[in-house]
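Everything on this sheet refers to the single structure shown next.
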Amino acid sequence: MCIVGLIPDSALGALPVMPVLDSGDTAWMLISSALVLLMTIPGLALFYAGMVRKKNVLATMMQSFAICCLVTLIWITVGYSLVFTTGNSFIGNLSQFMLNGILGNYHMGVDKGFILGANGNNPVIMTIPQSVYVMFQMTFIIISVAILVGSVAERIKFSALCIFCILWALFSYVPVAYWVWNPTGWLANLGAIDFAGGAVVHINAGIAGLICALVAGKRLGYGRSDLAPHNVGYAVMGASLLWIGWFGFNGGSALGANGRAAMAVLVTQIAAASGGIGWMLIEWTIRKKPTVLGIVSGAVAGLVVITPAAGFVMPGPALLMGFLGGLICFWSCSYLKRKLGYDDSLDAFGIHGMGGIIGAILTGVFAFGPLSATETDPVGISASLHLVIAQIEAVAVTIIWSSLVSFVLLKIIDCLIGLRVDTDSERQGLDMVLHNEQIN
Numbered sequence: 003m004c005i006v007g008l009i010p011d012s013a014l015g016a017l018p019v020m021p022v023l024d025s026g027d028t029a030w031m032l033i034s035s036a037l038v039l040l041m042t043i044p045g046l047a048l049f050y051a052g053m054v055r056k057k058n059v060l061a062t063m064m065q066s067f068a069i070c071c072l073v074t075l076i077w078i079t080v081g082y083s084l085v086f087t088t089g090n091s092f093i094g095n096l097s098q099f100m101l102n103g104i105l106g107n108y109h110m111g112v113d114k115g116f117i118l119g120a121n122g123n124n125p126v127i128m129t130i131p132q133s134v135y136v137m138f139q140m141t142f143i144i145i146s147v148a149i150l151v152g153s154v155a156e157r158i159k160f161s162a163l164c165i166f167c168i169l170w171a172l173f174s175y176v177p178v179a180y181w182v183w184n185p186t187g188w189l190a191n192l193g194a195i196d197f198a199g200g201a202v203v204h205i206n207a208g209i210a211g212l213i214c215a216l217v218a219g220k221r222l223g224y225g226r227s228d229l230a231p232h233n234v235g236y237a238v239m240g241a242s243l244l245w246i247g248w249f250g251f252n253g254g255s256a257l258g259a260n261g262r263a264a265m266a267v268l269v270t271q272i273a274a275a276s277g278g279i280g281w282m283l284i285e286w287t288i289r290k291k292p293t294v295l296g297i298v299s300g301a302v303a304g305l306v307v308i309t310p311a312a313g314f315v316m317p318g319p320a321l322l323m324g325f326l327g328g329l330i331c332f333w334s335c336s337y338l339k340r341k342l343g344y345d346d347s348l349d350a351f352g353i354h355g356m357g358g359i360i361g362a363i364l365t366g367v368f369a370f371g372p373l374s375a376t377e378t379d380p381v382g383i384s385a386s387l388h389l390v391i392a393q394i395e396a397v398a399v400t401i402i403w404s405s406l407v408s409f410v411l412l413k414i415i416d417c418l419i420g421l422r423v424d425t426d427s428e429r430q431g432l433d434m435v436l437h438n439e440q441i442n
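What the sequence shown shows, in this note's numbering, is residues 3 to 442, in sequence order.
Written as structure tokens, this is what we have:
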């Protein structure tokens, strides 16, 4: 997340009042929170539901809504506290368990800003209520978990999925978010930057999705039977909502209504457009006909690629990054998956994992200092070899950590209750078997 402002160590403990709340910043962050939640429900729910078979549509939608509910409770209970309090280099503390800690910011009324990490070495002055920040960050962990389950669509037990999502949120998302976004985190101190979640959200979830697909195994009939999408129209509507919601995802990560938010929204639109064009052109060239599912997948790929860079790059690099994202993610979804033989049902890794890796590294190549300049850092963060190395380190760490956590959790769950439904249930469809509902 972007740092709005810093105060020196000498000022700690000398602040007689809380930071002043900015109504414009607060309004923008409230809107951004709603936009990002819209990305999961109904955006991702529709996008994924449109790409499964008719007998699994409701089960796929159920996953997104259940995740939204479960992860909300995890976040307010311990997640927020572990990510955004000041601990050691690896994890925060439980001083804001059940959000009790934020009540201290209301001793002079609710219309106050707050200081993030006030007892740390790099406190951040926020011009929004802490409740708004909690909500905004909550939407990020929700969509991260929702993304990864697309890799095992049409075959995973609902009970196993719920347990895995809760544990993955705690043991994979929370630590990586702390390492990258908390000023005390060790990856942040190495110099890694991630404006809106290239590593924290997309690489983390994409890699977890790949491990899920490998451990759970292929769907029945994969590579032999027709597993074509039930309703591409659903997928298009879902992708459209994702696109719109991404303006809050990236623009909101400026943490205020300012010029950096405006530039983040602009480059987000550019990358989405160039990603869609890139996918469409390569599909048109190779397969002789462009598809609507292809162009919307390319747009999502462009959105993923620009996510870590949205507050750091100018429009020209954003266009190039989005276009490359469309091309490379097409290759990943169409050829790499087939070559390696894994069944990532809805391309969680092919689009989010691969796109996040591309975007994180290219952020180090194209970062433009003035976009991230502040009063305390008038130079900002510019492209350099050191930054590229820091980005590669963050990518590698996220891949390794997410892989290990996901693999261990999946194996434990598989031993205890099993991951997959039985063969007959998979043939019948998860809608009726797991939820006693179906689309007529």
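Every residue gets a Cβ at the ideal spot worked out from N, C-alpha and C, and that includes glycine. For clarity, every value in this text was computed on a predicted model and none was experimentally measured.
Other residues of its chain near residue i: CB distance less than 7 Å, five sequence neighbours each side excluded
i      : result
Tyr224 : Asp345
Val306 : His204, Gly327, Ile353, His354, Gly357, Gly358 and Gly361
Lys56  : His232 and Ile441
Leu72  : Cys164, Cys167 and Ile168
His1   : Nothing about residue 1 can be read from this structure; the chain reaches only from 3 to 442.
Thr425 : Leu222
Ser374 : Gly313, Phe314, Gly382 and Ile383
Val302 : Ala241, Leu244 and Ile353
Per DSSP, cross-strand counterpart(s) of residue i
i      : result
Phe116 : Met128
Ile158 : Arg422
Rounded Cβ spacing between residue i and residue j (contact assumed at less than 8 Å)
i      : j      : result
Cys214 : Ser276 : With a Cβ gap of about 30 Å, Cys214 and Ser276 do not count as contacting.
Leu48  : Leu243 : 7 Å
Leu321 : Ile401 : With 8 Å as the limit, Leu321 and Ile401 do not qualify as a contact, their Cβ atoms being about 27 Å apart.
Ser384 : Phe370 : 7 Å
Thr365 : Gly200 : 7 Å
Ala171 : Gly81  : 7 Å
Val390 : Val367 : 6 Å
Range of the contiguous alpha helix (DSSP H) that encloses residue i
i      : result
Glu285 : Gly261 to Arg289
Leu172 : Leu172 -> no alpha helix (DSSP H), and no H or E assigned at all.
Val73  : Val59 to Ile76
Asp379 : Premise fails: Asp379 is in no alpha helix (DSSP H) and is neither H nor E.
Leu212 : Asn206 to Ala218
Phe370 : Neither: Phe370 is in no alpha helix (DSSP H) and is coded neither H nor E.
Ser34  : Ser25 to Leu40
Met323 : Pro317 to Trp333
Val238 : Val234 to Gly253
Leu48  : Ala47 to Ala51
Ala190 : Trp188 to Leu192
Leu342 : Lys339 to Leu342
Cut-off 8 Å between Cβ atoms - residues of its own chain near residue i, not counting five sequence neighbours on either side
i      : result
Val134 : Thr28, Met31, Leu32 and Ser35
Gly240 : Pro44, Gly45, Leu46, Ala47, Leu48, Phe49, Tyr50, Ala51 and Gly52
Phe160 : Ala61, Met64, Gln65, Ala68, Leu432, Leu436 and His437
Thr74  : Met140 and Ile144
Leu295 : Met53, Pro231, Val234, Ala237 and Val238
Ile149 : Leu46, Val203, His204, Ala207, Gly208, Gly211, Ala350 and His354
Ser174 : Asn206, Ala210, Trp403, Ser404, Val407 and Ser408
Phe325 : Ser276, Gly277, Ile279, Gly280 and Gly304
Ile104 : Gln98, Phe116, Gln132, Ser133 and Val136
Three-state class that DSSP yields for residue i in the structure shown
i      : result
Ala312 : coil
Gln430 : helix
Glu439 : coil
Thr79  : helix
Gln98  : coil
Ala385 : coil
Gly223 : coil
Ala396 : helix
Pro185 : coil
Ala198 : coil
Asp416 : helix
Gly122 : coil
Pro44  : helix
Pro21  : coil
Met405 : Note that residue 405 is Ser in the sequence shown, not Met. Note: Ser405 maps to helix in three-state DSSP.
Gly361 : helix
Ser336 : helix
Close-in-space but distant-in-sequence residues of the same chain around residue i (CB under 6 Å, 5 per side omitted)
i      : result
Arg157 : Arg221, Arg422 and Glu428
Val217 : Leu412
Leu101 : Ile78
Leu348 : Tyr50, Met53, Gly152 and Ala155
Ala263 : Gly253 and Ala256
Pro2   : Limits of the chain in this structure are 3 at one end and 442 at the other, which puts residue 2 out of reach.
Leu189 : Trp181, Val182 and Ala396
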